[in-house]
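Here the sequence shown stands for residues 28 to 182, numbered as in this note's numbering.
Backbone N, C-alpha and C define an ideal beta-carbon position, used for all residues, glycine too.
Computed from a predicted model, the values in this text were never measured in an experiment.
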Amino acid sequence: MKGLQKIGAAAAALASILPFAACARTADLGAASVELVMNDTTRVVLLVTAGDAAHSFYDALALFAERGAIRLEGSNSGYGFYITSVNGMEADENNYWAVYTTLTVLDGVSYSDAAFGTWEYGGRVLASASYGASGLPLAEGELYALIWTQTAEAD
């Protein structure tokens with residue numbers, strides 16, 4: 028009977044891990060390698076496992092959207108890609124998609140500022156991005172996030 032209990036416990040442990048393994052998706056963009064580490068209706072988080080400054084956070088999001096891993100809507104503007112909807116959550120007068128990153132400074136350029144807000148994931152603090160998704164280069168080891176956020180007036 029103990030053998031059956033061990034097998035049952037092992038099967039239960041495996042079953043609890045499999046959903047997370049299925050959710051982990053990776054993508055390659057040039058020399059960059061990116062992992063989709065969180066994806067739900069209010070948060071999308073990417074981890075760059077190999078960097079390539081020739082590609083942006085938006086490029087990675089667009090590739091995951093093309094593959095059906097996330098849903099992404101928006102439009103191009105003179106300032107880059109303007110995100111209006113992620114995974115069915117559409118920005119409106121009370122809510123928007125905020126961009127956060129652990130990337131602080133790269134090649135003398137400041138890409139985020141904690142003074143404008145922070146968000147925590149996996150024990151790391153991501154700061155409010157100083158650029159939009161299409162202006163953030165993919166740097167190795169950095170996290171990038173889209174977070175569904177209420178405007179100050181909606182609080």
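Inclusion of residue 166 and residue 127 in the CB contact set at 7 Å is not warranted, their separation being larger than that value. Judged by DSSP secondary structure, residue 85 falls within the alpha helix (DSSP H) whose first and last residues are 84-93. For a cut-off of 8 Å, the C-beta gap from residue 176 to residue 122 is around 7 Å, short enough to register as a contact.
The beta carbons of residue 99 and residue 130 sit about 20 Å from each other, so the pair does not count as a contact at 8 Å. Per the coordinates, the alpha-carbon of residue 55 lies some 22 Å from the alpha-carbon of residue 110.
Contact annotation: residue 87 and residue 60 have beta-carbon atoms that are not nearer than 7 Å. When the alpha-carbon of residue 156 is set against those of 137, 168 and 147, the nearest one is in 137. Cβ-Cβ distances below 6 Å link residue 65 to 72 in the same chain, with the five nearest sequence neighbours on each side left out; the list follows chain order.
One thing to note: residue 154 has its Cβ no nearer than 7 Å to the Cβ of residue 134.
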